[in-house]
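Read through the structure below, which is laid out as structure tokens, and then see the notes.
There are 2 protein chains.
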Amino acid sequence: MASATPTPAARRGRPGYDQEQMLEVIVKVFTDHGYDAATLELIAKRLGLSKSAVYHHFDSKSAMLELALEQVLGALEAVFTAPEAVTGLASERIEFVVNGAVRVACERQLALQLLLRLHGNSEVELKAMERRRGFDAKLKQLFELALTEGSLRADFDPGLAERFTFGLINSLVEWYRPGGRFTPEEIADAVLRFLRSGLTTP
Amino acid sequence: MASATPTPAARRGRPGYDQEQMLEVIVKVFTDHGYDAATLELIAKRLGLSKSAVYHHFDSKSAMLELALEQVLGALEAVFTAPEAVTGLASERIEFVVNGAVRVACERQLALQLLLRLHGNSEVELKAMERRRGFDAKLKQLFELALTEGSLRADFDPGLAERFTFGLINSLVEWYRPGGRFTPEEIADAVLRFLRSGLTTP
DNA sequence: GTCTATATGTTGATAGAC
DNA sequence: GTCTATCAACATATAGAC
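Going down the list, the sequences are from chains A and B.
Residues 1 to 202, numbered by my numbering, are exactly what the first sequence covers, in order.
Residues 203 to 404, numbered by my numbering, are exactly what the second sequence covers, in order.
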């Protein structure tokens with residue numbers, strides 16, 4: 001497995017895929033049909049290769065899934081461990097995290113959809129789900145802090161606030177389209193506006 | 203197929219399942235593992251029956267899915283066609299629909315999760331997804347009306363408002379637990395409070 | 001790196017006895 | 001209405017030539 005030819009520009013073989021380009025196609029097939037329903041035959045067809053040629057680049061189907069999930073898990077981890085997420089006022093840390101998570105949701109939309117629809121059917125899925133729960137827990141802690149700071153409304157449970165916030169962000173994978181009516185920045189602004197003061201007129 | 207013994211209490215055979223009780227178990231297996239990964243062997247095992255006995259009650263795996271999806275699609279259709287949803291102020295119609303959808307999300311949680319994770323891999327899935335899109339369109343129309351009535355903030359696009367609202371409601375399937383910390387009524391109240399004025403203090 | 005062929009297991013669904 | 005036995009199709013993955 002793993003071509004990993006250090007050669008920057010030149011590449012032999014026919015289609016000239018590197019693993020990352022292949023993975024992009026694979027993730028599309030995974031999200032179009034669902035991981036379980038996506039067959040290696042279809043993946044191979046979309047790549048213009050035979051099944052065994054695909055196996056030259058990836059060890060197994062679940063290895064493809066693991067690499068795809070790492071794209072979004074790694075990006076989210078970067079957001080939650082950034083300096084702006086670990087110091088300062090809870091309200092500002094929340095805004096930073098929400099902003100970053102929206103950006104990740106848009107940039108890694110398909111991989112995030114994959115993550116959100118896992119069922120824990122394998123070790124790879126279970127580990128990814130656990131990492132995801134870690135993000136939930138961290139945002140919940142921030143809302144608990146916000147409650148003591150007075151920046152979360154007293155009539156809102158921190159756990160509920162966390163669920164609502166991630167529910168909102170995660171739902172982006174359902175409808176966001178790159179190059180569509182809304183840019184990731186506009187969406188992040190709208191989400192923050194929503195968190196701050198709702199949808200309806202006072 | 204279809205036992206449908208009109209006898210109210212008495213029932214022969216061993217486990218005494220009627221189709222609806224069986225479907226409840228099946229929906230649980232579908233949501234636990236995902237529709238595609240859920241095998242008929244596992245379903246049969248959970249029901250304490252053989253595979254062929256299961257086939258006596260259901261024509262096919264996709265027929266089980268269709269019946270499960272009807273549970274939530276029918277309930278949502280009832281909400282959107284209720285008198286309170288089709289007449290009156292847009293803001294009040296929206297509140298009614300949100301309230302009803304939250305209730306459905308809690309009462310038909312597993313079936314809704316099934317609906318939300320469809321990929322369109324079969325005719326059954328495609329038809330269900332189309333009905334779901336109908337609900338999206340109807341709520342969007344209500345937000346468009348609310349905008350002209352002035353009850354939706356002018357800085358919010360109606361389409362965005364609809365996406366956010368359903369995103370919030372649909373995310374309930376991820377964490378709501380019957381008998382848990384929050385009742386459906388409390389959740390509906392919190393969702394409406396969120397829509398009205400956000401999470402944070404002014 | 002890619003291919004054709006194949007191994008090996010699993011799946012949804014059926015046949016037919018009781 | 002339930003069972004055991006079985007099928008044909010399809011799945012992931014491998015072998016080995018080029």
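Don't be surprised by glycine CBs; every beta carbon is placed ideally from N, CA and C.
Since the structure is predicted, the reported quantities are computational estimates derived from the model, not experimental observations.
If the cut is a Cβ gap below 7 Å, which residues of chain A does residue i touch?
i, result
"B/Ala363", "Leu199"
"B/Asn372", "Ser171"
"B/Leu275", "Per Cβ cutoff of 7 Å: no residues; B/Leu275 is ~17 Å from chain A at best."
"B/Arg355", "Leu199, Thr200 and Thr201"
"B/Ala313", "Per Cβ cutoff of 7 Å: no residues; B/Ala313 is ~16 Å from chain A at best."
"B/Ala390", "Neighbours of B/Ala390 on chain A: none; closest Cβ ~12 Å, over 7 Å."
CB-CB under 7 Å to residue i, same chain, minus the five flanking residues each way: which ones, in chain order?
i, result
"A/Leu116", "Asn170 and Val173"
"B/Phe282", "Val299, Phe337 and Lys340"
"B/Leu354", "Phe345, Ala348, Pro360 and Ala363"
"A/Gln71", "Arg108 and Ala111"
"A/Met22", "Leu47 and His57"
"B/Lys342", "Pro360, Gly361 and Glu364"
"B/Tyr257", "none"
Under 6 Å Cβ to Cβ from residue i, same chain only, skipping five residues before and after it: list those, please.
i, result
"A/Arg12", "Any reading at A/Arg12 needs caution, since the residue's pLDDT is 44, under 50, leaving its predicted position unreliable; the model's value is listed next. Closer than 6 Å at Cβ, skipping near neighbours: no residue."
"B/Leu347", "Ala292"
"B/Glu327", "Leu320"
"A/Met212", "With chain A represented from 1 up to 202, any question about residue 212 of chain A goes unanswered, as that position is not in the structure."
"B/Ala287", "Arg295, Phe298 and Val299"
"A/Leu69", "Leu115 and Ala128"
"B/Glu255", "The residue you asked about is not Glu; residue 255 of chain B is Ala in the sequence shown. Around B/Ala255: no qualifying Cβ."
"B/Arg333", "Leu275"
"B/Phe396", "none"
Run down chain B in chain order and give the residues with a C-beta less than 9 Å from the C-beta of residue i.
i, result
"A/Ala53", "What A/Ala53 touches in chain B: nothing, since even the nearest Cβ is about 25 Å away."
Strictly below 8 Å CB to CB, what residues from chain A border residue i?
i, result
"B/Ala239", "Asp36, His119 and Asn121"
Enumerate in chain order the residues of its own chain whose CB-to-CB distance from residue i is below 8 Å, with the five nearest sequence positions on each side excluded.
i, result
"B/Glu222", "none"
"B/Cys308", "Leu374, Tyr378, Pro380, Pro386 and Ile389"
"A/Ala82", "Phe96 and Gly100"
Going by DSSP, what residues sit across from residue i in a beta bridge?
i, result
"A/Leu172", "For A/Leu172, which the question treats as bridged, DSSP gives no partner whatsoever."
"B/Thr402", "A/Leu152"
Listing by chain order, which chain B residues have their CB less than 8 Å from the CB of residue i?
i, result
"A/Gly167", "Gly369, Leu370, Asn372, Ser373, Leu374 and Glu376"
"A/Arg177", "Simply none; closest approach about 12 Å."
Identify the contact partners of residue i in chain B, using a Cβ-Cβ distance below 7 Å as the criterion.
i, result
"A/Arg196", "Gly400 and Thr402"
Using the beta-carbon of each residue, which ones in chain A are nearer than 9 Å to residue i?
i, result
"B/Ala287", "Here the premise fails: no neighbours, minimum Cβ distance about 17 Å."
Decide yes or no for the touch test of the segment 23-35 of chain A against the segment 316-336 of chain B: beta carbon pairs closer than 8 Å, at least 3 of them.
Because the criterion of three Cβ pairs below 8 Å is met, the segment 23-35 of chain A and the segment 316-336 of chain B touch.
Would you list, in chain order, the members of the segment 130-151 of chain A that have their beta-carbon closer than 7 Å to a beta-carbon of chain B?
Taking 7 Å as the Cβ-Cβ cut-off against chain B, the residues of the segment 130-151 of chain A that qualify are Gly150 and Ser151.
Of all the residues that make up the segment 89-102 of chain A, which are near chain B by a beta-carbon distance shorter than 8 Å?
Within the segment 89-102 of chain A, the residues whose Cβ lies closer than 8 Å to some Cβ of chain B are Ser91, listed in chain order.
If you measure beta-carbon to beta-carbon, which residues of the segment 258-283 of chain B are closer than 7 Å to chain A?
From the segment 258-283 of chain B, no residue has a Cβ closer than 7 Å to chain A.
Which residues, in chain order, does the segment 21-32 of chain A contribute to contact with chain B at a C-beta distance below 9 Å?
Residues Thr31 and Asp32.
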